[in-house]
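Asker: I'd like to ask some things about the structure below.
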Amino acid sequence: MKKQLLSLALLAPITAGATGLHISPELKMGPYLGAGISGGGLQLGLTDVAGLDALYLSYSHTSAEILLDKDRFKTYRVGGQYQFIDHPMKMALQLEGGVVEYQGKRDYVWSSNSTYTEATGATISAAWVVFVNDNVGFRLGSDFHYIDQNKTLLGTHWSATLSTGVVFHF
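The sequence shown runs -18 to -1, 1 to 152 under mature numbering (1 follows the signal peptide of the UniProt record, and there is no 0).
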């Protein structure tokens, strides 16, 4: 209980100047070509905090299959939105960083055996936001995950997804 109160006390000066709520649902595409819509996510935070247009927590879940592999990525990130342009249209950049959890399963064709693996790694994301008014914007961005290839079923250390969403400021 003391740790929770201490955490809230440390966040209080940062969030004291917040003027509103930042909510942004999203759709994910990837990490394979042709995977289509493979996941979703949500950003939830405060507006006008610490010199940023928004400061938020981000969660996403992506599941994709290719041939005999099934891969799942869960991301937990902290992000900020910085407004660059106000006229003629409000435009902003979002940057995020955090942790990715990976789960992979490979089924074999002529065997009832399966391989299952789990790993964690680092994840970053960047998105461009264009607002149609002061409260609603549309964003397009990409996520990049780095996970040790020896702990996954992936063919590389890196994986990427494309994300799109709507930003609401209240």
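Don't be surprised by glycine CBs; every beta carbon is placed ideally from N, CA and C.
Just checking, does the stretch 15 to 25 make contact with the stretch 107 to 118 on the three C-beta pairs under 8 Å criterion?
Answerer: Because the criterion of three Cβ pairs below 8 Å is not met, the stretch 15 to 25 and the stretch 107 to 118 do not touch.
Asker: Within 10 Å of its beta-carbon, does S40 have 16 or more other beta-carbons around it, so buried, or fewer, so exposed?
Answerer: It is buried - the Cβ of S40 has at least 16 other Cβ atoms within 10 Å.
Asker: Excluding sequence positions up to five away, which residues of its chain have a Cβ less than 6 Å from the Cβ of Y98?
Answerer: Within the same chain, Y98 has close Cβ partners K87.
Asker: Are the CB atoms of Y84 and I48 within a distance shorter than 7 Å?
Answerer: Taking 7 Å as the Cβ cut-off, I48 and Y84 do not qualify as a contacting pair.
Asker: Would you kindly check if the distance between the Cβ of G12 and the Cβ of L144 is under 7 Å?
Answerer: Contact flag set, yes.
Asker: What is the residue span of the beta strand (DSSP E) that W110 lies within?
Answerer: Per DSSP, W110 belongs to the beta strand (DSSP E) from 96 to 113.
Asker: Applying the 10 Å Cβ sphere with the 16-neighbour rule, what's the burial state of A32?
Answerer: It counts as exposed.
Asker: If I measure Cβ to Cβ from Q131 and keep anything under 7 Å in the same chain, skipping five residues before and after, which residues do I get?
Answerer: Same-chain partners within the cutoff: T138, H139.
Asker: So the beta strand (DSSP E) Y128 belongs to, where does it begin and stop?
Answerer: It spans 118 to 128 - the beta strand (DSSP E) in which Y128 sits, taken as one unbroken run.
Asker: What is the DSSP secondary structure of K72, counted as helix, strand or coil?
Answerer: The answer is coil: DSSP assigns K72 none of H, G, I, E or B.
Asker: I'd like the span of the beta strand (DSSP E) that includes Q147, first residue to last.
Answerer: Sequence check: residue 147 is Gly here, not Gln. Element bounds for G147: 140 to 151.
Asker: Tell me the rounded alpha-carbon separation between T(-4) and L28.
Answerer: Because the pLDDT of T(-4) is 49, which lies under 50, any placement of that residue in the model is unreliable, and the question is left without a value.
Asker: By the DSSP assignment, the beta strand (DSSP E) with Q65 in it spans what residues?
Answerer: Taken as a continuous stretch (DSSP letters only), the beta strand (DSSP E) holding Q65 covers 51 to 67.
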